[in-house]
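The structure appears right after this line, and notes come after that.
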Amino acid sequence: MEAPRLTDPAPYQKSVPSNAAVSPPVERRRIALLNQKGGVGKTTTTVNLGAALARRSKRVLFIDLDPQAHLTLHVGIDPDGGTPSVYDLLTNNAITAADVAQRVGDNLWILPAEVNLAGIEPELADRTARGTAQSLLRSRCEALLVEPPGFDFVLIDCPPSLGLLTINALSLAQEVLVPMQAHFLALQGLSKLLETIQLVKQSLNPNLVVSGVIPCMHEGQTILAAEVMADLKTFFDAARSLDVPWRHAKVLAPAIRRNIKLAEAPSFGKTIFDYAPDCHGAKDYESLAQAVLNLMPTASVPAETPRQPVTAAETA
Ligand SMILES: Nc1ncnc2c1ncn2[C@@H]1O[C@H](COP(=O)(O)OP(=O)(O)OP(=O)(O)O)[C@@H](O)[C@H]1O
Ligand SMILES: [Mg+2]
0 MEAPRLTDPA
10 PYQKSVPSNA
20 AVSPPVERRR
30 IALLNQKGGV
40 GKTTTTVNLG
50 AALARRSKRV
60 LFIDLDPQAH
70 LTLHVGIDPD
80 GGTPSVYDLL
90 TNNAITAADV
100 AQRVGDNLWI
110 LPAEVNLAGI
120 EPELADRTAR
130 GTAQSLLRSR
140 CEALLVEPPG
150 FDFVLIDCPP
160 SLGLLTINAL
170 SLAQEVLVPM
180 QAHFLALQGL
190 SKLLETIQLV
200 KQSLNPNLVV
210 SGVIPCMHEG
220 QTILAAEVMA
230 DLKTFFDAAR
240 SLDVPWRHAK
250 VLAPAIRRNI
260 KLAEAPSFGK
270 TIFDYAPDCH
280 GAKDYESLAQ
290 AVLNLMPTAS
300 VPAETPRQPV
310 TAAETA
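To convert, note that position 239 of the sequence shown is 238 in numbering that gives the first Met the number 0; the numbers rise steadily by one, no gaps.
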């Protein structure tokens with residue numbers, strides 16, 4: 000698929016409202032979808048939550064930070080296709096984020112990944128020693144994100160690790176959403192993740208908050224799933240009075256149920272709304288988009304304002 004480039008003024012301008020006075024306010028939320036455990040639904044959630052928000056006229060930018068490039072493939076881009084990627088953005092100062100961005104649908108853009116991202120840590124060793132590698136993505140993307148018309152949502156698909164790429168995601172983001180499968184040991188993995196988020200908040204990004212957990216591939220009828228969800232809710236409730244980045248975190252509803260159409264869609268390079276719009280996977284991601292919108296007021300908020308979720312759907 001030949002995706003129009005963001006630097007091509009025609010496709011970029013196409014969805015820019017001609018009358019700024021009636022355009023909806025830009026919300027400018029930057030969300031990292033993160034769980035260091037593999038295969039829990041991060042990429043599936045990034046793609047389909049983003050697509051659901053785009054269908055609600057939100058301008059969405061995906062950032063694929065995973066060397067596996069699953070998000071890139073999922074939106075129909077060949078990661079070996081020779082176009083600039085996040086790897087180029089992080090290693091070549093002559094390339095801008097606008098050069099890398101590609102338009103992949105109405106209101107949808109992506110900074111694609113490529114496999115070379117897997118070797119980026121040694122390439123950035125000098126910067127790591129100087130302490131600038133950890134927020135390199137943020138500094139390289141800033142112009143694209145702040146210049147009008149901007150994006151309502153930046154959704155960052157993280158790799159299944161807590162390495163340098165993930166630290167860069169946490170440095171750029173204002174919020175973290177944690178896709179999670181309600182399995183044995185899921186909560187143990189969450190503590191390590193929250194510890195990392197706390198460290199990044201203290202050292203690099205004081206505005207960082209954990210907005211919530213998204214139960215994925217959920218089998219709500221099982222006792223194990225119900226127990227894990229109850230434990231999670233108890234854990235977050237106990238944090239309400241603490242000075243921790245997850246003090247406002249919610250277990251988002253609805254849970255995303257297991258649905259084979261969600262697993263099939265990536266091979267066609269389509270979101271669930273293009274592949275099987277009537278399946279319950281599509282309905283779950285539509286509802287999730289509303290839950291994410293409900294996490295804060297829809298009024299325009301400056302990009303650097305700390306996010307304080309005000310309402311959220313919670314699991315019963
Ligand atoms: N709700 C669902 N129902 C059925 N299959 C799903 C669902 N969500 C995700 N999958 C499938 O499960 C697998 C893992 O999902 P996904 O790639 O989104 O996880 P991930 O956390 O991004 O993985 P990784 O850590 O490797 O990046 C994929 O094959 C995906 O198609
Ligand atoms: Mg993934």
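All residues carry an ideal CB built from backbone N, CA and C; glycine is no exception.
None of these values were measured; they are calculated from a predicted model.
| message | Using the three-state DSSP reduction, which class does Val99 fall into: helix, strand or coil? | response | helix
| DSSP-derived helix/strand/coil call for Ile213 | strand
| message | Assuming Leu192 and Val177 are in contact, meaning their beta carbons sit under 8 Å apart, how far apart are those beta carbons, in whole angstroms? | response | 7 Å
| Does the Cβ of Ala142 have 16 or more other Cβ atoms within 10 Å, making it buried, or fewer, making it exposed? | exposed
| query | Are the CB atoms of Ser210 and Ile30 nearer to each other than 9 Å? | reply | yes
| Out of curiosity, what's the CA-to-CA distance linking Leu287 and Lys269? | 19 Å
| message | I'd like to know if the segment 161-172 and the segment 131-146 are in contact, where contact means that at least 3 CB-CB pairs between them fall below 8 Å. | response | yes
| task | Can you tell me which of Ala290, Val74 and Ser84 puts its alpha carbon nearest to the alpha carbon of Ser255? | result | Residue identity differs from the one stated: residue 255 is Ile in this sequence, not Ser. Cα-wise, what sits closest to Ile255 is Ala290.
| Lys41 Cβ short of 8 Å to ligand 3 heavy atom set | Here the bound small molecules are ligand 1 and ligand 2; ligand 3 is not part of this structure.
| query | Helix or strand or just coil, what does DSSP make of Lys36? | reply | coil
| task | Put Pro178 into one of helix, strand or coil per three-state DSSP. | result | strand
| task | Between the Cα of Leu171 and those of Pro147, Glu120 and Pro205, spot the shortest distance and give me the residue it belongs to. | result | Pro205
| For Asp125, does the three-state DSSP call read helix, strand or coil? | helix
| Taking just the CA atoms, how far does Thr90 sit from Asp125? | 12 Å
| task | May I ask you to list the residues that DSSP assigns as paired with Asp156? | result | Leu32 and Asp63
| query | Three-state secondary structure (DSSP) at Gly104? | reply | strand
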